[in-house]
Amino acid sequence: MATAAPTEDEGLQAGAILMLALGEECASEVFKYLSPKEVQRLGERMARVTTVADAAFDDVLMRFENTVDSQRSLVNDTGAYVSNVPKRALGDDKAGLLIDRIVQGRDVSGIESLKWMDPAAIGELIRNEHPQIIATILVHLDRDHASGVLAS
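So for the sequence shown, the working numbering puts the first residue at 1; every next one is plus one.
#1: Just to confirm the assignment, what range does the alpha helix (DSSP H) spanning P131 have?
#2: Among P131, T136 and K115, whose alpha-carbon lies nearest the alpha-carbon of H145?
#3: Going by DSSP, what residue range makes up the alpha helix (DSSP H) through T67?
#4: According to DSSP, simplified to helix, strand and coil, what is M1?
#5: Taking the beta carbon of V60 as the centre, do at least 16 other beta carbons fall within 10 Å, making it buried, or is it exposed?
#6: What do you reckon, are the CB atoms on G123 and S152 nearer than 8 Å?
#7: Excluding five sequence neighbours on each side, which residues of the same chain lie with their C-beta closer than 8 Å to the C-beta of S35?
#8: In terms of residues, what are the limits of the alpha helix (DSSP H) holding R45?
#9: Once DSSP output is grouped into helix, strand and coil, what is the label at G23?
#10: What residues in its chain sit with their C-beta under 6 Å from that of I17, if we drop five residues either side in the sequence?
#11: Is D144 helix, strand or coil by DSSP?
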């Protein structure tokens, strides 16, 4: 009998348990690959984990090990894989820009790095800029992030 896929909340809880089990050094390496919003959500969940039942801990580690074991062999067409995964995760529009960056191997631009900054800090940084500059910066941020900048 196949088990149902975990809900988003269950996945978040399992991720928090796994990050705590990995330790600071390994968890920080994983965090490098997450978006600012994912880091925030996972960090908040990690902060709420106080105790974990042995069975739940073992289940998380076993699921992680099974996932790693099933992913050991690389896919045959990595180009298609690298293209399809972001499309499935982000949708065609957002993934298109990301895939272009991946294929071209470009580093993250200065504006892209703002996605990691606190909205209040960005607000302070651009407070005295021309409105067109502010609009140009805000258009590159996620809606929630941009609204936080405007609120500051």
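Built from N, CA and C at the ideal position, the CB exists for glycine as well.
According to the structure data:
#1: P131 -> alpha helix (DSSP H) spans P131 to V139.
#2: Looking at the Cα atoms, K115 is the closest of the given residues.
#3: Annotation: the continuous alpha helix (DSSP H) that includes T67 extends over D54 to S70.
#4: Unreliable positioning characterises M1 in this predicted model, as indicated by a pLDDT of 45, which lies under 50. The coordinate reading is nonetheless provided below. M1: coil per DSSP, three-state reduction.
#5: With 16 or more other Cβ atoms within 10 Å, it is buried.
#6: If you check the CB distance, G123 and S152 come in under 8 Å.
#7: These residues qualify, in order along the chain: K115.
#8: First-last of the alpha helix (DSSP H) with R45: P36 to R48.
#9: G23 falls in the coil class under three-state DSSP.
#10: For I17, the CB contacts under 6 Å within the same chain, skipping 5 residues up- and downstream, are V52 and V60 in chain order.
#11: In the structure shown, D144 adopts helical secondary structure according to DSSP, grouped into three states.
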